[in-house]
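Engineer: Numbering (the UniProt record's numbering) for the sequence shown: 1 to 89.
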Amino acid sequence: MLLAKIDSNIVLSYNRSLPVIYKNIILKGIREGNFKSATDADSFVHQLMISIRGIIFEWCVCTCSFDLEKELLNHIELLFKGIQVNESI
1 MLLAKIDSNI VLSYNRSLPV IYKNIILKGI REGNFKSATD ADSFVHQLMI
51 SIRGIIFEWC VCTCSFDLEK ELLNHIELLF KGIQVNESI
């Protein structure tokens, strides 16, 4: 079976570079008072990665055409605004 031979950890693991970078940014933002102290960094990164995958999936299957980079940046900005202490970016 093809799926049995694919290492899904490459795609799904939260120990990869991007999730680790996001978590470090969030933790630094909490320490410096930029993000709400009640923010759960692991949960936020999990939701962020799900969102990114969903937007990429939509871009792959959608018959409409949209700017993937623009959509990702808009969505990430929206999520980060939700945890900011000062809502001005």
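Beta carbons are placed, not taken as given, at the ideal position from N, Cα and C, and that holds for glycine.
Please report the distance separating the alpha-carbon of K23 from that of V61.
Structural biologist: Walking along the sequence shown from the start, residue 23 turns up at place 23. Walking along the sequence shown from the start, residue 61 turns up at place 61. Computed Cα separation, rounded: 29 angstroms.
Engineer: F35 by DSSP, collapsed to three states: which one?
Structural biologist: To locate residue 35, count along the sequence shown from 1; it is residue 35. In the structure shown, F35 sits in a strand (DSSP, three-state: E or B).
Engineer: Which residue marks the beginning of the alpha helix (DSSP H) containing Q47, and which one marks its end?
Structural biologist: Start at 1 with the first residue of the sequence shown, and residue 47 comes out as number 47. Segment 41 to 61, the alpha helix (DSSP H) holding Q47.
Engineer: Our contact map puts I26 next to T39 with C-beta atoms below 8 angstroms; I'd like the distance itself, whole angstroms only.
Structural biologist: Position 26 of the sequence shown, counted from the first residue, corresponds to residue 26. Position 39 of the sequence shown, counted from the first residue, corresponds to residue 39. Correct: roughly 6 angstroms between the Cβ atoms.
Engineer: Ignore the nearest five residues each way along the sequence and tell me which others in P19's own chain have a CB closer than 7 angstroms to its CB.
Structural biologist: In the sequence shown, the residue the question calls residue 19 occupies position 19. Result list for P19: V45, M49, in chain order.
Engineer: Taking the alpha-carbon positions, what's the Q47 to E71 distance?
Structural biologist: As a working note, residue 47 is residue 47 in the sequence shown. As a working note, residue 71 is residue 71 in the sequence shown. Distance between the alpha carbons of Q47 and E71 is about 16 angstroms.
Engineer: Taking all protein chains shown into account, decide if F57 is buried (16 or more other Cβ within 10 angstroms of its Cβ) or exposed.
Structural biologist: Numbered from 1 along the sequence shown, position 57 holds the residue referred to as residue 57. With fewer than 16 Cβ atoms within 10 Å of its Cβ, F57 is classed as exposed.
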